[in-house]
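So for the sequence shown, this note's numbering puts the first residue at 5; every next one is plus one.
Using N, Cα and C, we set each Cβ at its ideal position, and we do this for glycine too.
A short write-up of the structure that comes next.
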Amino acid sequence: MKVRAFFLVTALGAAGSVAGQAQAITQHHVSVTTMARAPSTAGAAMENQVSKIDFGTSPLALGVTTGGQFGQREVIQGYDGRCVVIATGAPCQGGEAPLTTQTVLSPNKPLQASESTSASADASAYSRPGRVGAKSLSAVSTGLTHARIDPANPGQSLPGTLYSTGSGYASAYSSSEHINTLLGPAGTQATITLKGVASSFLFIDSTPTLGNRASISMQVMGRAAPVGQRCSNLFLGCGAEFSFSRLADPGSQGPIVLGHDRRSFSISFQAQANDVVSLLLAVGAYTTNSGQADASHTLTIDEIALSNGFSFADESVLVRSGNSYAFAAAVPEPESSGMLLAGLGLVLAAVRRAAEKRS
């Protein structure tokens, strides 16, 4: 994982300056990307892609949206001389007239119809000491391939299959790394325990063949970087890690995947007095076509517990209570929910309009 490697290298590179100056460094990184494409007539398409990235030592927040992309494309319908299937793929059966058929007055001239397409994508991420969040949402309209009619067997047709009439993608990533120097009696070793919560929400339209996908990855890591030595055969020093990931991939199962997950974590690692300690949180949310991945307010380090007699050199972003620390309150999380819900509303409205036209 390149991002993880970047932050660990940064921690080691900053070790000398932090230990020498006894100052803490808190580094933040947020990045978001969205893409939405709606095909239109004559092979053209409405498409928009937006990407942003930011680094810094102060709390950060980013949000982007492609805006709704809307198009129309002309589709030539098949026919068997008596009826034609309109957009739903329902079969014509002899002289029956399904709700989705029309009489063809001239069997030598196929019917032409327009089909609505739409796509939208939104993403947001924020980072502050001890707390990170990311959320992604993408949505596309859907249609059905038209029934295939066998001219040699009038009245016999095969139903169509559902497909996406647009494409969308959203990605959000956030991380926060706190680097500090551990103080304590010379030559002694402390146990550092990180406690917190990781929770998430996933939703996709999991109809087969649509290529919908939503995933969330979370990581909490604590490392000590002893100067000039290795620990437990780890090049980066003593360490512990909590990782959590979720994936919603429909395959051939069910119409909808919907789920919440909330779990507590507790990880411990060792460090010696004057070691440089790195505490890292990272979260990513990703969606393709119609889905939502939400980890926007839910990955936190709520408590940093130290062995008796140890403390951190710089407590400027920490609140101490006995042998435990918590990150001081920072700016509120960005209000991204409204933006994402608004984007979803636009797409759902477009999907309804497209369905009405097809019917």
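Supposed contact pair residue j and residue i - C-beta distance, whole angstroms, cut 8 Å
i, j, result
"alanine 206", "isoleucine 220", "In the sequence under discussion, the amino acid at residue 206 is leucine, which differs from the alanine named in the question. Confirmed, Cβ separation roughly 7 Å."
"threonine 69", "aspartate 126", "4 Å"
"phenylalanine 269", "glycine 134", "Wrong, their Cβ atoms sit about 13 Å apart, outside the cutoff."
"tyrosine 173", "threonine 292", "6 Å"
"glutamine 193", "glutamine 276", "5 Å"
"alanine 28", "valine 321", "6 Å"
"alanine 138", "isoleucine 208", "Not really, about 17 Å apart at Cβ, beyond 8 Å."
"serine 140", "serine 294", "Serine 140 to serine 294, Cβ: 12 Å. No contact."
"serine 315", "leucine 187", "5 Å"
Residue i in three-state terms, based on DSSP
i, result
"proline 43", "strand"
"leucine 214", "coil"
"valine 281", "strand"
"phenylalanine 314", "coil"
"alanine 129", "strand"
"aspartate 306", "strand"
"glycine 326", "coil"
"alanine 138", "strand"
"valine 34", "strand"
"glycine 98", "Residue confidence is low: glycine 98 scores 45 on pLDDT, short of 50, so the model does not pin down where it sits. Its coordinate-derived value is still stated next. Here glycine 98 sits in coil by DSSP."
"alanine 28", "coil"
"alanine 190", "coil"
"serine 120", "strand"
"alanine 333", "coil"
"glycine 72", "coil"
"valine 88", "Reliability of the predicted coordinates at valine 88 is poor, the pLDDT of 48 falling under 50, and no value is obtained from them."
"serine 294", "coil"
"threonine 105", "Model confidence at threonine 105 stands at a pLDDT of 41, short of 50, so the residue's coordinates are unreliable; what they give is reported in the following sentence. Three-state DSSP puts threonine 105 in a strand."
"valine 321", "coil"
Buried/exposed call for residue i, threshold 16 Cβ in 10 Å
i, result
"glycine 313", "exposed"
"glycine 20", "Residue placement at glycine 20 cannot be trusted, given a pLDDT of 41 that sits under 50; what the coordinates show is reported in the next sentence. By the 10 Å Cβ count, glycine 20 comes out exposed."
"glutamine 53", "exposed"
"arginine 324", "exposed"
"threonine 169", "buried"
"alanine 353", "Summary for alanine 353: the model assigns pLDDT 49, below 50, so the residue's position carries little reliability, and this model does not support an answer."
"isoleucine 80", "Bear in mind that the predicted position of isoleucine 80 carries a pLDDT of just 48, short of 50, making it too unreliable to give a figure here."
"arginine 266", "exposed"
"leucine 303", "buried"
"proline 189", "exposed"
"glycine 191", "exposed"
"glycine 17", "Note that glycine 17 has pLDDT 40, beneath the 50 cutoff, so the model's placement of it is unreliable and no number is given."
"serine 178", "buried"
"histidine 264", "exposed"
"serine 35", "buried"
"serine 62", "exposed"
"alanine 228", "buried"
"alanine 333", "exposed"
"alanine 48", "exposed"
"serine 55", "exposed"
"leucine 284", "buried"
"glycine 243", "buried"
"serine 272", "exposed"
Terminal residues of the beta strand (DSSP E) in which residue i lies
i, result
"asparagine 184", "171-187"
"threonine 197", "193-209"
"alanine 275", "260-276"
"glutamate 51", "49-60"
"glutamate 245", "243-252"
"threonine 69", "64-69"
Residue from the options whose Cα sits closest to the Cα of residue i
i, options, result
"glycine 147", "His32, Thr121 and Gly137", "Thr121"
"glutamate 245", "Gly200, Asp279 and Val261", "Gly200"
"serine 203", "Ser62, Arg250 and Gln276", "Arg250"
"alanine 129", "Ser175, Met225 and Ser171", "Ser175"
"isoleucine 305", "Asn216, Asn278, Ile196 and Val280", "Ile196"
"threonine 185", "Lys139, Asp279, His264 and Gly215", "Asp279"
"asparagine 216", "Tyr290, Arg132 and Gln31", "Tyr290"
"asparagine 327", "Ala309, Ser35 and Ala138", "Ala309"
"histidine 182", "Gly295, Asp318, Ala143 and Met222", "Asp318"
"valine 389", "Val281, Met50 and Val224", "This structure gives no information on residue 389, because the portion of the chain shown stretches from 5 to 363."
"serine 180", "Asp58, Ser142 and Phe248", "Asp58"
"glycine 288", "Val281, Ser282 and Gln296", "Gln296"
"threonine 30", "Ser282, Glu307, Ser311 and Ala299", "Ser282"
"methionine 222", "Ile271, Gly243 and Ser247", "Ser247"
"histidine 32", "Gly60, Gln76 and Pro43", "Gly60"
"arginine 132", "Ala286, Ser311 and Pro254", "Ala286"
"leucine 214", "Ile260, Gly67, Ser311 and Met39", "Ile260"
"alanine 42", "Glu307, Gly75 and Val224", "Gly75"
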